[in-house]
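S.K.: Okay, handing you the structure first.
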Amino acid sequence: MAAPQLVVVCGGGVIGSAVAYYLAVKHGTKPIVVEAVAPACSASGKAGGFLALDWCDSSPVGPLARRSFALHAQLAAELGCDTGYRRVRTHSISVKQGQAGSNVGGAGAGAAADAAKRLPGLPGWVARDNIGQASVIGTEEDTAQVHPELLTKALLRRMEEGGGSLQIAAVTGVVAEGGRVTAVKVRDSGSGEERELQADAVVFAMGAWSSQLREWLPQLPDISGLKVHSIVVADPQQHTTADCLFLAYRGSDGKSLEPEVYPRPGGQVYICGVSEDNVPVPATAADVHPRPDAIARLQGVAASELGSAEVLKEQACYLPCSDDGLPVIGRVPGLENAYVATAHSCWGILNAPATGEALAELIVQGAATSSSLSAFDPGRPRLGAGARR
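Per full-length UniProt numbering, the sequence shown runs over residues 1 to 389.
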């Protein structure tokens, strides 16, 4: 069977962009990416971009993650632009109860010196006086970071340079006949015009909005959204280093929090860690808004680690999740030319390159050769549990 030429990719996040990139650059296909709001407008623009080689090894995601970790390094070289990629050291830190609001410079000189001797592995900008325990859980060999929005947009640019295109339109349905999808129904986000895009193959990579797919493709599993809050703050003196922090503490209010702190190149720091289950996914990514109390808790973390840093962004996004915690990647049951890639949860940025590479192979060659997708089959029984951080 001839390789499809008209491939419509529904979703302009990092997963859809990676699929489109590999279709265009590695296989010579000219995909059309259809995005309802803007590229990287949800989790792909608001995630932290932490990457780990082996943190998924205990689950079926492990081989995919290892392949993708290597591909991130390749893409950083191949894309020819800044995507915020760099190797990092990663630390696990438990903070003494009720001490999370203390400022970086708050300890006396003697106490700070004693703490520095006790915790020599921590970077100098981390306040040591309130730390209970700390350990290095990742090195430059096995942990890294990337700026998800920069990566997503770089993949799309290269896809367009390879002959693909981007359309800002909402997917509203599909046209199927004889076990094949023949067209995708879309509504132009600017004019409101409704039309059909003819397709030899279709990829659905719609993140948390994959829940809409069951209206047209009831054979697909349920996809839910986990709402996660984050802030980006300025580090004007650029005193932070390439060290990512996984914190754990119980504040003076008795509530536990496990924030993650990711300094980025260029003087900014990303902080996340307040999530909400069972929150309905809104109609579009433009309708996602952060909860003020969640942002306030993250600002407390920023004050603890960075002093009076300026808050540049207050944001929230939805991570797509499946019932069994594993991604859903592969051919849609009952349709020979429709594919889905979603439910990567907190590892979506990490696993995007390998997902895009393997799914592009499946579409063009009829089989994925770079990574096995069998554990992520959309038609699998809803059993087991995936890796969670």
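We put the CB at the ideal spot given by N, CA and C, even for glycine.
Out of L166, Q167, V181, which has the shortest C-alpha to C-alpha gap to G173?
M.R.: The residue given as residue 173 occupies position 173 in the sequence shown. Looking at the Cα atoms, V181 is the closest of the given residues.
S.K.: Going by alpha carbons, who is nearest to P295 out of L155, D222, P259, W216?
M.R.: Residue numbering aside, residue 295 sits at position 295 when the sequence shown is read from its first letter. Checking the sequence, you will find Ile at residue 295 rather than Pro. Among L155, D222, P259, W216, the Cα nearest to that of I295 is on P259.
S.K.: Helix, strand or coil for A183? Go by DSSP, reduced to three states.
M.R.: Walking along the sequence shown from the start, residue 183 turns up at place 183. The answer is strand: DSSP assigns A183 an E or B state.
S.K.: Around the Cβ of V9, are there at least 16 other Cβ atoms within 10 angstroms (buried) or fewer (exposed)?
M.R.: By one-based count along the sequence shown, residue 9 stands at place 9. Its Cβ being crowded by 16 or more others within 10 Å, V9 is buried.
S.K.: According to DSSP, simplified to helix, strand and coil, what is G138?
M.R.: Taking the first residue of the sequence shown as position 1, residue 138 is located at position 138. Reduced to three states, the DSSP call for G138 is strand.
S.K.: Measuring only the C-alpha atoms, how far is G16 from N351?
M.R.: Counting from one through the sequence shown, the residue named residue 16 turns up at place 16. Counting from one through the sequence shown, the residue named residue 351 turns up at place 351. So the alpha carbons of these two residues sit roughly 12 Å apart.
S.K.: When the Cα of N278 is compared with those of P378, L166, K227, G192, which residue comes out closest?
M.R.: Position 278 of the sequence shown, counted from the first residue, corresponds to residue 278. Measuring from the Cα of N278, the nearest candidate turns out to be K227.
S.K.: Hey, how far is the Cα of G108 from the Cα of E140?
M.R.: Position 108 of the sequence shown, counting from 1, holds the residue named residue 108. Position 140 of the sequence shown, counting from 1, holds the residue named residue 140. Any reading at G108 is ruled out, since the residue's pLDDT is 40, under 50, leaving its predicted position unreliable.
S.K.: Please determine, among S275, D293, L298, H344, the residue with the shortest C-alpha to C-alpha distance to C317.
M.R.: Here residue 317 corresponds to residue number 317 of the sequence shown, with the count starting at 1. Per the Cα distances, S275.
S.K.: Drop a sphere of 10 angstroms on the beta-carbon of A18, count the other beta-carbons inside from all chains shown, and report buried for 16 or more, exposed for fewer.
M.R.: As a working mapping, residue 18 is identified with position 18 in the sequence shown. Its Cβ being crowded by 16 or more others within 10 Å, A18 is buried.
S.K.: Between the alpha carbons of G110 and P60, how many angstroms are there, rounded?
M.R.: Here residue 110 refers to the residue found at position 110 of the sequence shown. Here residue 60 refers to the residue found at position 60 of the sequence shown. Because the pLDDT at G110 is just 42, under 50, the model does not fix this residue reliably, and the value given afterwards should be weighed accordingly. Distance between the alpha carbons of G110 and P60 is about 49 Å.
S.K.: Quick one: using the 10 Å Cβ neighbour count with 16 as the cut-off for buried, is P218 buried or exposed?
M.R.: Mapped onto the sequence shown, residue 218 falls at position 218. Per the 10 Å Cβ criterion, exposed.
S.K.: I think W136 touches H91, with their Cβ atoms under 8 Å apart; what is that distance to the nearest whole Å?
M.R.: Here residue 136 is taken as the residue at index 136 of the sequence shown, counted from 1. Here residue 91 is taken as the residue at index 91 of the sequence shown, counted from 1. Residue identity check: residue 136 is Val in the sequence provided, not Trp. The pair is a contact, with the Cβ atoms about 6 Å apart (cut-off 8 Å).
S.K.: Which full runs of the beta strand (DSSP E) of 3+ residues lie inside the region 298-374, going along the chain?
M.R.: Runs of the beta strand (DSSP E) inside the region 298-374: 311-322, 328-331, 338-342.
S.K.: Going by alpha carbons, who is nearest to S370 out of A2, E305, S94, S68?
M.R.: One-based indexing of the sequence shown puts residue 370 at position 370. Of the listed residues, the one whose Cα sits closest to S370 is S68.
S.K.: Just to confirm the assignment, what range does the beta strand (DSSP E) spanning S230 have?
M.R.: Residue numbering aside, residue 230 sits at position 230 when the sequence shown is read from its first letter. 223-234 is the extent of the beta strand (DSSP E) around S230.
S.K.: Expressed to the nearest angstrom, what Euclidean distance is found between the alpha-carbon atoms of V88 and A52?
M.R.: Locating residue 88 in the sequence shown gives position 88, where the first residue counts as 1. Locating residue 52 in the sequence shown gives position 52, where the first residue counts as 1. So the two alpha carbons sit approximately 10 Å from each other.
S.K.: Three Cβ pairs or more, each shorter than 8 Å: is that satisfied between the region 155-173 and the region 33-51?
M.R.: Touching, yes.
S.K.: State buried or exposed for Q212, treating a residue as buried only when at least 16 other CB atoms are found within 10 Å of its CB.
M.R.: What you label residue 212 is simply residue 212 of the sequence shown in a count that begins at 1. Buried: at least 16 other Cβ atoms inside 10 Å.
S.K.: Do you know how far the Cα of C41 is from the Cα of L79?
M.R.: As a working note, residue 79 is residue 79 in the sequence shown. As a working note, residue 41 is residue 41 in the sequence shown. Answer to the nearest angstrom: the Cα atoms are 21 Å apart.
S.K.: Is the number of C-beta pairs between the region 188-201 and the region 231-244 that are closer than 8 Å three or more?
M.R.: Contact between the region 188-201 and the region 231-244 is absent, because fewer than three Cβ pairs lie under 8 Å.
S.K.: How is the alpha helix (DSSP H) around F376 delimited, first residue to last?
M.R.: Here residue 376 refers to the residue found at position 376 of the sequence shown. Neither: F376 is in no alpha helix (DSSP H) and is coded neither H nor E.
S.K.: Strictly by DSSP, which residues pair up with H91?
M.R.: Here the question's residue 91 lines up with position 91 in the sequence shown. The partner list for H91 (beta bridge, DSSP) reads V136, L245.
S.K.: Just tell me which of A286, R264, V233 has its CA closest to the CA of A43.
M.R.: If you number the sequence shown from 1, residue 43 lands on position 43. For A43, the nearest C-alpha among the options comes from A286.
S.K.: Okay, do the region 262-269 and the region 296-314 touch, 3+ Cβ pairs below 8 Å being the bar?
M.R.: Short answer: they touch.
S.K.: Which same chain residues, not among the five before or five after G49, have their C-beta less than 6 Å away from its C-beta?
M.R.: Translated into positions along the sequence shown, residue 49 becomes position 49. So the qualifying residues of the chain are Q145, V146, H147, P148, I349.
S.K.: Taking R187 as the reference, which of E160, G366, V37 has the closest Cα?
M.R.: Walking along the sequence shown from the start, residue 187 turns up at place 187. Taking only the C-alpha atoms, the option nearest R187 is V37.
S.K.: Closest to G11 by CA distance: which of P353, A367, V171, S374 is it?
M.R.: Stepping through the sequence shown from its first residue, residue 11 is reached at position 11. Answer by Cα proximity: V171.
S.K.: Of all the options I363, H289, Q133, L220, which has the alpha carbon lying nearest to the alpha carbon of T342?
M.R.: Here residue 342 is taken as the residue at index 342 of the sequence shown, counted from 1. Measuring from the Cα of T342, the nearest candidate turns out to be L220.
S.K.: Taking a contact to mean a Cβ-Cβ separation below 7 Å, would you say E314 touches V261 in this structure?
M.R.: Position 314 of the sequence shown holds residue 314. Position 261 of the sequence shown holds residue 261. No, these two residues do not count as a Cβ contact at 7 Å.
S.K.: Compare the beta carbon distance of L298 and G330 with 7 Å and say whether it is the shorter of the two.
M.R.: On the sequence shown, residue 298 is found 298 positions in, with the first residue counted as 1. On the sequence shown, residue 330 is found 330 positions in, with the first residue counted as 1. Result no, Cβ atoms of L298 and G330 do not sit closer than 7 Å.
S.K.: Hey, how far is the Cα of K46 from the Cα of S230?
M.R.: Against the sequence shown, residue 46 aligns to sequence position 46. Against the sequence shown, residue 230 aligns to sequence position 230. Approximately 8 Å between the Cα atoms of the pair.
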